[in-house]
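Single-structure report; data block below.
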Ligand code: HEM
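As structure tokens, then:
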């Protein structure tokens, strides 16, 4: 086993532990955060079924962002949809045999990669070109966008310019899943791509990128507009009432 293989194996085990413990910790923290008030953003659905539908529209179409700002919406949605296709395409490195739908999605995954980088470029340009957005932009916003663009660009370079040994890449990652070490190809683009991916996994639970799980815990989105039909009492207030 080469030093490189060992180093990357250690890095990915470490990144996976940080990602999983960080995510679980944050979700528990969100779930425990008190939401004492009835504050759905109106007009809001009046039934739970309606709330589920509203949430689904928010997750799939970014509905409230669409209402808020069309440029941010188009770039944001293109980036996320591209990322979704790229994620599906990448599943082939981790499953064997590769399911038919994942085989069929492969070419679209490449377009997804291009769309992802274009969307990110638009989101980044907005942080320089729109005065009021530039004013509230923090260094970490640039860091996240730069990191994601570099991951996408190095991936696209591998798809279009300098190929890597995909069979060996798959062998390495499936090996890790079985706690075995298989050699990782020493191609600079691949090493950069997955080094940045490991960095992303480590940063993810502690960054603003965590907005996806956060959405489900937003009282303005996950509450039904039924304060007249049903009295809203926070769990701690209920306990006080019983005492
Ligand atoms: C451990 C995880 C990952 C591995 C092993 C991996 C590996 C690879 C490889 C080998 C390629 C070249 C594909 C080819 O030549 O056809 C590639 C492409 C690409 N990767 Fe990754 N990658 C990982 C995670 C990610 C993540 C998290 C992102 C996005 C945030 C990403 C974005 C891309 C893009 C945009 C491409 C180009 C389009 C494509 O071929 O799918 N990768 N990746």
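Numbering (our numbering), first residue to last: -5 to 237. Using N, Cα and C, we set each Cβ at its ideal position, and we do this for glycine too. Just so it is clear, the structure is predicted and the values come from calculations on it, not from any experiment.
When DSSP states are grouped into helix, strand and coil, residue 11 belongs to the helix group. Spanning the alpha carbons of residue 122 and residue 172 requires a straight line of approximately 45 Å. Checking the 8 Å criterion, the Cβ of residue 167 is within range of a heavy atom belonging to the ligand HEM. Take residue 232, set aside five residues on each side of it, and no residue of its chain has a beta-carbon closer than 8 Å to its own.
Contact annotation: residue 181 and residue 156 have beta-carbon atoms nearer than 9 Å. Note that the C-beta distance between residue 71 and residue 55 is below 9 Å. Looking at the backbone, the Cα of residue 222 and that of residue 228 are separated by about 16 Å. Taking one beta carbon from each stretch, the stretch 205 to 213 and the stretch 18 to 29 have 3 or more pairs nearer than 8 Å; the two touch. Residue 148 sits in a helix when the DSSP states are folded into three classes. Closest by C-alpha distance to residue 49, out of 208, 234, 174, 151, is 208. Under the three-state reduction of DSSP, residue 32 is assigned to coil, being neither helix nor strand. No heavy atom of the ligand HEM is found nearer than 8 Å to the CB of residue 138.
In the DSSP assignment, residue -5 falls outside any alpha helix (DSSP H), carrying neither H nor E. Residue 184 counts as buried, since at least 16 other C-beta atoms from the protein chains shown sit within 10 angstroms of its C-beta. Taking non-hydrogen atoms of the ligand HEM into account, the C-beta of residue 163 is found less than 8 Å away from one of them. In this structure, residue 81 has its CB closer than 8 Å to one or more heavy atoms of the ligand HEM. Per the C-alpha coordinates, the member of 77, 86, 94 positioned closest to residue 108 is 77.
Taking the Cα positions, residue 168 is about 34 Å away from residue 117. Taking the CA atoms as reference points, residue 133 sits about 26 Å from residue 151. In the three-state DSSP reduction, residue 42 falls in the helix class (H, G or I).
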